[in-house]
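Asks:
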Amino acid sequence: MNHSLEVGFSFGLTSGIITTLGLMVGLNSGTHSQMVVLGGILTIAIADAFSDALGIHVSEESENKHSKKEIWLSTTSTFLTKFLSALTFAIPVLLFKLSTAIIISIIWGFSLITLLSYRLAKKQNEKPFNIIGEHVLIGTIVVIATHYVGKLISIFFA
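Position 46 of the sequence shown, counted from 1, bears residue number 61 in this note's numbering, the numbering being contiguous throughout.
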């Protein structure tokens, strides 16, 4: 995979997983509403995918070492990967009871992070366990933090 696609894919997938899981867990903890969680996923899939794509676009431009084609390839692959990866989390919410859908989504998200991290470790000739562990730890912190933030929001603002 060329550099531009790799940047967009890696960033878009990681952001799509962590942002969507964090939002889902927080909204679930605060509202326990399937429609609110689904609305959050759809919002993330659109707004955050555009935001991340613009962020990658500006970041790649600021490096002053990529062609316009490479910059737009990174931008487009970031948007599409983020958009599509975020949307995959809507499937369990549509098919299962919300509490079950959240568990399925966490397993799905951490499986994807593990696979991406393993691929990254192999590409860099690093020990997969270290990179997977680091990325899963960060994801776990996000899930736990957003769970408690959602609970606090429901106490103080609902």
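Backbone N, C-alpha and C fix where the C-beta goes; we use that ideal spot for every residue, glycine too.
1. In whole angstroms, what is the alpha-carbon distance linking residue 159 and residue 120?
2. What is the C-beta distance between residue 89 and residue 40, in whole angstroms, given that I count them as a contact (C-beta under 8 Å)?
3. Rounded to whole angstroms, what's the CA-CA distance from residue 53 to residue 108? Just pull it up for me.
4. Whole angstroms is fine: what's the gap from residue 73's alpha carbon to residue 30's?
5. Compare the beta carbon distance of residue 135 and residue 32 with 8 Å and say whether it is the shorter of the two.
6. Are the beta-carbon atoms belonging to residue 20 and residue 157 less than 8 Å from one another?
7. Tell me the DSSP secondary structure of residue 132 in three-state form.
8. Which value, in whole angstroms, describes the spacing of the CA atoms of residue 96 and residue 166?
9. For residue 94, report the span of its alpha helix (DSSP H) as first-last.
10. Are there 16 or more other CB atoms within 10 angstroms of the CB of residue 68, so buried, or fewer, so exposed?
11. By a C-beta neighbour count over all protein chains shown, 10 Å radius and 16 as the cutoff for buried, is residue 75 buried or exposed?
12. What do you reckon, are the CB atoms on residue 131 and residue 25 nearer than 8 Å?
13. Going by the CB atoms, is the gap between residue 125 and residue 151 shorter than 8 Å?
Replies: Quick answer:
1. Locating residue 159 in the sequence shown gives position 144, counting from the first residue. Locating residue 120 in the sequence shown gives position 105, counting from the first residue. Between residue 159 and residue 120, the C-alpha separation is close to 14 Å.
2. Counting from one through the sequence shown, the residue named residue 89 turns up at place 74. Counting from one through the sequence shown, the residue named residue 40 turns up at place 25. That pair is no contact at about 29 Å.
3. Translated into positions along the sequence shown, residue 53 becomes position 38. Translated into positions along the sequence shown, residue 108 becomes position 93. For residue 53 and residue 108, the distance between alpha carbons rounds to 7 Å.
4. Along the sequence shown, one-based indexing puts residue 73 at 58. Along the sequence shown, one-based indexing puts residue 30 at 15. About 17 Å.
5. By one-based count along the sequence shown, residue 135 stands at place 120. By one-based count along the sequence shown, residue 32 stands at place 17. No, these two residues do not count as a Cβ contact at 8 Å.
6. Position 5 of the sequence shown holds residue 20. Position 142 of the sequence shown holds residue 157. No; because the gap between Cβ atoms is not below 8 Å, this pair is not in contact.
7. Working through the sequence shown from its first residue, we reach residue 132 at position 117. Of the three classes helix, strand and coil, the one that applies to residue 132 here is helix, per DSSP.
8. Taking the sequence shown and counting its residues from 1, one reaches residue 96 at position 81. Taking the sequence shown and counting its residues from 1, one reaches residue 166 at position 151. Approximately 30 Å between the Cα atoms of the pair.
9. In the sequence shown, counting from the first residue as 1, residue 94 sits at position 79. Residues 83 to 103.
10. Working through the sequence shown from its first residue, we reach residue 68 at position 53. By the neighbour-count rule (16 or more Cβ atoms within 10 Å), residue 68 is buried.
11. Reading the sequence shown from its first residue, position 60 is the one you call residue 75. With 16 or more Cβ atoms within 10 Å of its Cβ, residue 75 is classed as buried.
12. For this step, residue 131 is matched to residue 116 along the sequence shown. For this step, residue 25 is matched to residue 10 along the sequence shown. Cβ atoms of residue 131 and residue 25: closer than 8 Å.
13. As a first step, residue 151 is located in the sequence shown; it is residue number 136 there, counting from the start. As a first step, residue 125 is located in the sequence shown; it is residue number 110 there, counting from the start. It is a contact, given that the beta carbons lie within the stated cut-off.
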